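Some notes on the structure that comes next.
Protein chains in written order, with the numbering used here: chain X, 1068 to 1473; chain Z, 370 to 681.
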């Protein structure tokens, strides 16, 4: 037993510090967790994501009390029991539905912020990789959740996406049946996606969130100019009372105060959407109960998957699947495809700046075309946007390699 | 200033994406159909008929198939038997004069298949005919006008949303969310009551199934349950589809029902009552959440300023 204060009152700070090291934890994780001062509101997206995940978790717990993962009961348990019989059930459902959509908007903003400011390289590779792992787990979480109301889009999107695992001409139909637990999406399918949605994937997400937060602590958060900061030196200045000169701020409460301000603006938007403009997050097609004999006229995923769906769709079967697989993994490799020695904002990087905006516009174009019926001009734009996406990523190592060191 | 510029960029691309996947995509996926405000302009307005003549004509021609419960005329057969004969149970005529537009009623009595836009279901030579005869070939237009006048004279002027739904939609469409609990629902043969014994409940269900089998044969498919239809279809779709189903779904077996604009509003109100009853609560509660968020934002701004005073 190490040294400890025998006279400390139980559960007093000293008592807890002796047993849990709360003072050290508080210092390392909050008060002397140094964040650069030169940041803008985009640096608050992480906190907004954490809060939105909290909203999803809490509303999800309430929904879980009444939802029934059974093909005969699921639709009515959502649309009747939760929406009509349970007090404020509609509120929890709309919070859950809107948050599930908005969380992806914030994830994309967060991702493109990271790309723009070069926050994925020069020691920050693990932050980026764990972040992309979160993107993948959130995507799986969103997809499995979309199955649960067992509407027409649940059923048919489930059919289309699980079919991808047959791997085109390899015709691995056994794999598809194994995933579904049936020849078509049915009761076994719904119940296992329910398990994934409420247990396995949330556990994985929480685990990866811890990893993501942890990966930030040592390399520290990036800043607006990509300036190299001697955190020890600046911390000394701050602690000596020279807070105006120091280039760093404390996580608690300097950084948090700014986070809360941005969060407050976000919440105004979020509740406006939840109460008065939730239709965008709840597709009308999914208010028709699942019917395996009636294919909807248009099958499309939620808006946040449209860009990768459109990379799959315009090509023939096998090349389409390869392009789709490419789009799914390529973002993870960004730190290694970017060969430039500079970790500074895109506007200081010449061609990379052009690359960034082209990628953003291309992905928005893919998103548009992914929802539109694949006819005429839309088909052509979709195909060329998909080709452009691949070309952009293939070109990235070459255009960054020739970048001059700043 | 720089933050505002960044914000403008973020907002621009977010709104652009929203516009592309919502309003623009939906405008491309669903054709916009111009409605006719439930006026049925191609159907001439009937002349003012003679109510007592109308009553005689109705007694002689209509009540062999239709009930008029408000006038003490019971249905000649129960719903299931009627559906076996006609495919669908003929409607009660008590409030037909209020629910349906008078020019539509006159055109319908003269030629039901044509007025309701389902003539394609009964092609010549197929041996199939609309279950209701075309009275235009059997009586002059003044007589039809008198029937319409009589129906208008006996109809209640103010109907509840449910009364309109039952007569206009409820003989083909069920609504399983229309009841105090799931199970006490609207079925095509009426509201399912609360039974004391399961045996009685099952007997009722069998009757519903028998009715649905006949309806299925007549329509080609069982018309969908309408509990959630309000959220599954756009406003423009519902309005123009109900007014004239062929405009949105060419070849469909669903007839143009001939609702007045007011009856249509009542049907929508009923669909909201059964499918989306939390709307009033949403609208009134949202404002408090927004107010709370605004107060939170004010305090958050003040807190940030006080903390950052020492940092700048």
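Glycine residues also receive a C-beta, built at the ideal position from the N, C-alpha and C atoms.
Small disclaimer: the values here were computed from a predicted structure and weren't measured.
Taking every protein chain shown into account, the CB of residue 498/Z has fewer than 16 other CB atoms within 10 angstroms, so this residue is exposed.
Residue 1174/X is positioned such that its CB atom lies no closer than 9 angstroms to that of residue 1186/X. DSSP, read as helix, strand or coil, puts residue 513/Z in helix.
Contact between the stretch 1416–1432 of chain X and the stretch 1210–1225 of chain X is absent: fewer than three C-beta pairs spanning the two stretches fall below 8 angstroms. The continuous beta strand (DSSP E) containing residue 1103/X extends over residues 1101–1103. Within 9 angstroms of the CB of residue 498/Z, no CB atom of chain X is found; the nearest one sits about 29 angstroms away. Assignment of residue 560/Z by DSSP, reduced to helix, strand and coil, places it in the strand class.
The C-beta of residue 1279/X comes no closer than 9 angstroms to any C-beta of chain Z. Taking 3 residues as the minimum length, the stretch 1188–1218 of chain X contains no beta strand (DSSP E) run wholly inside it. Contacts between residue 1342/X and chain Z, judged by CB atoms closer than 9 angstroms, involve 651, 652, 654, 655, 656, 658 and 659 in chain order. If you look at residue 1174/X, you'll find it in the alpha helix (DSSP H) that goes 1156–1183. Ranked by how close their Cα comes to the Cα of residue 456/Z, the residues 444/Z, 588/Z, 632/Z and 411/Z have 588/Z in first place.
Taking one beta carbon from each stretch, the stretch 491–507 of chain Z and the stretch 524–542 of chain Z have fewer than 3 pairs nearer than 8 angstroms; the two do not touch. By the rule that beta-carbons nearer than 9 angstroms mark a contact, residue 1250/X does not touch chain Z.
Not a single CB atom of chain Z sits nearer than 9 angstroms to the CB of residue 1074/X. In this structure, residue 533/Z lies near residue 639/Z, with their beta-carbon atoms less than 9 angstroms apart.
Nearest in C-alpha terms to residue 520/Z, of all of 465/Z, 475/Z, 551/Z and 535/Z, is 465/Z. Approximately 46 angstroms separates the beta-carbon atoms of residue 655/Z and residue 489/Z; this is outside 8 angstroms, ruling out the contact. When C-beta distances to chain Z are compared with 7 angstroms, the residues of the stretch 1436–1458 of chain X below that value are 1438, 1439 and 1440, in chain order.
For residue 1234/X, not one C-beta of chain Z is nearer than 9 angstroms to its own C-beta.
Contact note: residue 1229/X does not reach chain Z at a C-beta cutoff of 8 angstroms; the least C-beta distance is about 23 angstroms. If you look at residue 1090/X, you'll find it in the alpha helix (DSSP H) that goes 1089–1093.
Cα atoms of residue 1244/X and residue 469/Z: separation of roughly 52 angstroms, rounded to the nearest angstrom. Fully contained in the stretch 454–542 of chain Z are the following alpha helix (DSSP H) runs of length 4 or more, in chain order: 465–468, 471–479, 481–484, 510–523 and 530–537. With respect to the 9 angstroms criterion, residue 1101/X and residue 1301/X are classified as neighbours on the basis of their beta carbons.
In the DSSP assignment, residue 674/Z falls within the unbroken alpha helix (DSSP H) covering 648–677.
In the structure shown, residue 1357/X falls within a coil segment according to DSSP collapsed to helix, strand and coil. Residues of chain Z with a Cβ closer than 8 angstroms to the Cβ of residue 1339/X are, in chain order, 655 and 659. Per DSSP, residue 1316/X is one residue of the beta strand (DSSP E) stretching across 1315–1317. With its beta carbon at least 9 angstroms from every one in chain Z, residue 1192/X lies outside the interface.
Burial state of residue 1290/X is buried, judged by a 10 Å Cβ sphere holding 16 or more other Cβ atoms. Only buried fits residue 512/Z, as 16 or more other CB atoms lie within 10 angstroms of its CB. Sixteen is the threshold: since fewer than 16 other Cβ atoms of the shown chains lie within 10 Å of the Cβ of residue 494/Z, the residue is exposed. Boundaries of the alpha helix (DSSP H) around residue 600/Z: 598–601. About 7 angstroms separates the beta carbons of residue 636/Z and residue 538/Z, which is inside the 8 angstroms limit, making them a contact pair.
Looking at the DSSP output, residue 636/Z sits in no beta bridge, so it has no partner there.
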